[in-house]
Amino acid sequence: MTDKNKNKMGLLSIILLGFNSIIGSGIFLLPNKVMAQVGPAALLVTVFDAILVISIAMCFAEAGGMFKKNGGPYVYAKEAFGEFVGFEVGFMKWAIAIIAWATMTVGFAEALMGLLPKGTFSNPNIAKAIIVTIIVVLLTGLNLSGIKATKIVNNIVTTGKLLPLIIFIAVGLFFINGSNFTPFFTPGTLKDGTVMTSGAAIGAAALTIFYAFTGFENIAVAAEDMENPEKDVPKSILLVILLCSVFYIAIIGIAIGILGPGLAKETAPVQAAFTKIIGNAGKYLVGAGTLVSIGGINIAASIGTPRSGAALANDGLIPRVVAKKNSNDVPYIAIIITGIITLALGLYGSLIGSFAILAAISVVSRFAQYVPTCLSIMILRKKRPDLKASFRVPFGWVIPIFASVVSCWLLYNATKQQIVIGLGGLVIGVVVYFLMKLINKENA
Numbered sequence: 002m003t004d005k006n007k008n009k010m011g012l013l014s015i016i017l018l019g020f021n022s023i024i025g026s027g028i029f030l031l032p033n034k035v036m037a038q039v040g041p042a043a044l045l046v047t048v049f050d051a052i053l054v055i056s057i058a059m060c061f062a063e064a065g066g067m068f069k070k071n072g073g074p075y076v077y078a079k080e081a082f083g084e085f086v087g088f089e090v091g092f093m094k095w096a097i098a099i100i101a102w103a104t105m106t107v108g109f110a111e112a113l114m115g116l117l118p119k120g121t122f123s124n125p126n127i128a129k130a131i132i133v134t135i136i137v138v139l140l141t142g143l144n145l146s147g148i149k150a151t152k153i154v155n156n157i158v159t160t161g162k163l164l165p166l167i168i169f170i171a172v173g174l175f176f177i178n179g180s181n182f183t184p185f186f187t188p189g190t191l192k193d194g195t196v197m198t199s200g201a202a203i204g205a206a207a208l209t210i211f212y213a214f215t216g217f218e219n220i221a222v223a224a225e226d227m228e229n230p231e232k233d234v235p236k237s238i239l240l241v242i243l244l245c246s247v248f249y250i251a252i253i254g255i256a257i258g259i260l261g262p263g264l265a266k267e268t269a270p271v272q273a274a275f276t277k278i279i280g281n282a283g284k285y286l287v288g289a290g291t292l293v294s295i296g297g298i299n300i301a302a303s304i305g306t307p308r309s310g311a312a313l314a315n316d317g318l319i320p321r322v323v324a325k326k327n328s329n330d331v332p333y334i335a336i337i338i339t340g341i342i343t344l345a346l347g348l349y350g351s352l353i354g355s356f357a358i359l360a361a362i363s364v365v366s367r368f369a370q371y372v373p374t375c376l377s378i379m380i381l382r383k384k385r386p387d388l389k390a391s392f393r394v395p396f397g398w399v400i401p402i403f404a405s406v407v408s409c410w411l412l413y414n415a416t417k418q419q420i421v422i423g424l425g426g427l428v429i430g431v432v433v434y435f436l437m438k439l440i441n442k443e444n445a
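Residues 2 to 445, numbered by the numbering used here, are exactly what the sequence shown covers, in order.
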């Protein structure tokens with residue numbers, strides 16, 4: 002192994018990065034919402050989403066095996082559909098990733114404060130702002146030191162966050178009450194008290210739990226920091242999604258089996274289920290796991306987010322200086338810019354409590370990456386036969402089309418506010434794209 006490759010990530014580090022990118026606040030906080038929307042049928046909805054995400058992941062695996070460059074969905078869309086579509090996907094990726102990271106810093110601060118006795122802080126908002134500042138500054142500095150330092154912390158945190166979930170599954174299996182799964186399908190109600198139609202309930206639940214699966218695309222974004230990206234990206238994406246799917250199905254099924262209808266009323270469902278079977282020890286174990294989980298997402302975001310911007314800069318779609326690397330071979334300008342904007346948004350979220358607003362943006366925006374990637378592999382097979390992927394999606398175009406159509410159906414079930422916010426990002430991207438075109442033309 003060369004000295005340069007010593008700072009690269011091997012397959013194990015990439016897989017752990019994938020776990021960090023996916024397993025976060027979603028699996029700890031969303032089971033109650035899905036239970037309220039469809040009842041115990043939440044288990045089947047989770048299976049449905051797992052099938053969809055695996056289909057999307059296979060498309061990412063094939064596309065990821067074609068390229069060594071950073072950027073992930075941006076690179077795939079650019080090669081398949083051209084510079085403009087690629088820029089839109091890449092811009093959305095970077096912008097939303099920054100917002101998502103800021104959201105998770107606020108989420109970590111709130112989770113930490115939730116475990117402390119009430120009244121610990123005289124001004125909770127200021128306390129959240131201080132915690133957010135520490136997180137962003139620490140991770141930005143760690144990332145600037147090189148990928149080796151970051152990957153070590155990433156590996157340790159990922160291992161720590163999985164332990165509470167594994168213990169919950171191992172212990173919870175013995176406390177499942179079969180009667181809690183009947184009636185199996187119970188549609189939820191709207192804000193006005195109207196009972197949801199079956200289709201609306203299933204669609205809303207599928208969109209809700211889908212959020213818990215997002216993030217696997219971050220594996221492909223940091224391709225240049227991997228020892229063997231053509232082989233490791235496909236392997237890690239598929240393995241991570243399969244394992245996370247098994248985890249989620251088991252966790253939601255056990256939570257339903259332990260709490261039954263009461264699951265829908267819990268704000269911290271996994272924590273409540275574990276507390277019911279082993280007492281306060283379960284509360285604090287899962288609470289600590291939640292902190293480690295959200296902390297892990299923060300680490301994954303600090304690695305992947307700046308590299309989305311660096312990929313755009315490398316192609317001249319934003320100033321090339323953004324991709325400039327330091328002596329540790331990391332894009333330090335992109336890292337610093339990302340850190341500054343993330344900190345600003347995190348402080349904004351801390352002081353006004355807009356966690357929900359920030360989180361809603363990422364739900365819709367993900368489809369601006371997933372659908373183009375699914376479609377891109379069909380185009381690239383014809384357009385770029387010279388690109389040899391180490392993995393090829395089976396059954397021709399069936400899986401990419403299935404993934405694209407179902408993704409659009411999930412998007413249809415999003416709220417108008419989420420759609421407007423998501424499309425707003427695309428509009429901003431159009432302005433930035435043509436502005437950079439004008440600047441580049443004048444400098445030519």
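Quick reminder that beta carbons are idealized off the backbone N, C-alpha and C, glycines included.
Can Ser-391 be considered in contact with the ligand MG, in the sense that its beta carbon sits closer than 6 Å to one or more heavy atoms?
The ligand MG is not among the ligands present in this structure, which contains no ligands whatsoever.
Tell me, to the nearest whole angstrom, how far the beta carbon of Ser-351 is from that of Asn-124; I am working on the premise that it is less than 8 Å.
Incorrect: roughly 11 Å between the Cβ atoms, too far for contact.
Can you find at least 3 beta carbon pairs, one from the stretch 244 to 253 and one from the stretch 23 to 35, that sit closer than 8 Å?
Enough Cβ pairs lie closer than 8 Å, so yes.
Can you tell me whether Asn-299 is buried or exposed? The criterion is at least 16 other CB atoms within 10 Å of its CB, across all chains shown.
In summary, Asn-299 is buried, with 16 or more beta-carbon neighbours lying within 10 Å of its beta-carbon over all protein chains present.
Which residue from Val-48, Leu-145 and Glu-63 puts its Cα closest to that of Pro-307?
When C-alpha distances from Pro-307 are compared across Val-48, Leu-145 and Glu-63, the shortest belongs to Leu-145.
Going by the beta-carbon positions, is the gap between Tyr-333 and Thr-47 smaller than 7 Å?
Not a contact, by the Cβ cut-off of 7 Å.
Three-state secondary structure (DSSP) of Val-196
In this structure, Val-196 counts as strand in the three-state DSSP scheme.
Looking at the structure shown, is Thr-183 part of a helix, part of a strand, or coil, going by DSSP?
Reduced to three states, the DSSP call for Thr-183 is coil.
Any alpha helix (DSSP H) of 4 or more consecutive residues that is wholly inside the stretch 76 to 132
Counting only runs of at least 4 residues, the stretch 76 to 132 fully encloses the following alpha helix (DSSP H) elements, listed from N- to C-terminal order: 84 to 116.
Under the DSSP definition of a beta bridge, which residues are partnered with Thr-190?
Listed as beta-bridge partners of Thr-190 by DSSP are Val-196.
What does a CB cutoff of less than 7 Å around Glu-218 pick up in its chain, not counting 5 residues either side in sequence?
Contacts found: Phe-61, Gly-73, Pro-74 and Gln-370.
Could you have a look at Gly-425 and say whether DSSP puts it in helix, strand or coil?
Note: Gly-425 maps to helix in three-state DSSP.
As assigned by DSSP and simplified to three states, the class of Lys-417:
Assignment of Lys-417 by DSSP, reduced to helix, strand and coil, places it in the helix class.
Exposed or buried, Gly-204, counting other C-beta atoms within 10 Å across all chains shown (16 or more means buried)?
With 16 or more neighbouring CB atoms inside 10 Å of its own CB, Gly-204 falls in the buried class.
Contacts around Ala-302, its chain only, beta-carbon distance under 7 Å, and the 5 residues preceding and following it disregarded
Ala-98, Ala-101, Trp-102 and Met-105.
Can you tell me the Cα-Cα spacing of Gly-340 and Cys-245, whole angstroms?
A direct Cα-to-Cα measurement between Gly-340 and Cys-245 gives close to 29 Å.
Alpha-carbon to alpha-carbon, Ile-342 and Ala-415
Distance from the CA of Ala-415 to the CA of Ile-342, rounded to the nearest whole angstrom, comes to 27 Å.
With a 10 Å radius around its C-beta and 16 neighbouring C-beta atoms as the bar for buried, classify Pro-395 as buried or exposed.
That one is exposed.
Below 7 Å between beta carbons: does that hold for Phe-275 and Gly-283?
Cβ atoms of Phe-275 and Gly-283: closer than 7 Å.
Can you tell me the Cα-Cα spacing of Gly-263 and Thr-215, whole angstroms?
If I take the Cα positions, the gap works out to 27 Å.
CA-to-CA distance, Glu-84 to Val-431, given in whole angstroms:
Rounded to whole angstroms, Val-431 to Glu-84 spans 12 Å at the Cα level.
Between which two residues does the alpha helix (DSSP H) harbouring Lys-1 extend?
Summary: the structure shown does not reach residue 1, with the chain confined to residues 2 through 445, and so no result is reported for it.
Backbone CA spacing between Val-322 and Gly-25 [nearest angstrom]:
The straight-line gap from Cα to Cα measures roughly 33 Å.
Could you have a look at Lys-1 and say whether DSSP puts it in helix, strand or coil?
Outside the displayed span of the chain (2 to 445) sits residue 1, for which this structure offers no information.
Among Tyr-212, Gly-258 and Thr-291, which one has its Cα closest to the Cα of Gln-272?
When only C-alpha atoms are compared, the closest one is Thr-291.
Please tell me whether Phe-176 and Leu-318 are closer than 7 Å, where the distance is taken between their beta carbons.
The answer is no: Cβ separation not under 7 Å.
Roughly how many angstroms lie between the CA atoms of Leu-18 and Ile-337, to the nearest whole one?
Leu-18 and Ile-337: Cα-Cα distance of roughly 21 Å.
Grab me the residues of Gly-147's own chain with a C-beta within less than 8 Å of its C-beta, minus the 5 sequence neighbours each way, in chain order.
For Gly-147, where only same-chain residues beyond five positions count, the Cβ hits under 8 Å are Asn-8, Asn-329, Asp-330 and Val-331.
If the criterion is Cβ atoms closer than 7 Å, does the pair Ala-1 and Gly-423 meet it?
The chain is shown from 2 up to 445; residue 1 falls before or after that span and cannot be answered.
Would you please state the rounded distance, in angstroms, between the beta carbons of Ile-257 and Gly-173? I believe it to be under 8 Å.
Contact between Ile-257 and Gly-173 does not hold, since their C-beta atoms are separated by about 10 Å, which reaches or exceeds 8 Å.
Between Ala-171, Ile-136 and Val-399, which has its C-alpha nearest Gly-108's C-alpha?
Looking at the Cα atoms, Ile-136 is the closest of the given residues.
Would you mind stating whether Leu-286 and Pro-165 have Cβ atoms separated by less than 7 Å?
Cβ distance < 7 Å, so Leu-286 and Pro-165 count as in contact.
Helix, strand or coil for Leu-53 per DSSP?
If DSSP states are grouped into helix, strand and coil, Leu-53 belongs with the helices.
What number of angstroms, rounded off, separates the C-alpha of Gly-194 from the C-alpha of Ile-132?
If I take the Cα positions, the gap works out to 39 Å.
Close Cβ partners of Leu-313 (< 6 Å) along its chain, the five nearest in sequence each way excluded
Here the set comprises Gly-91 and Ile-319.
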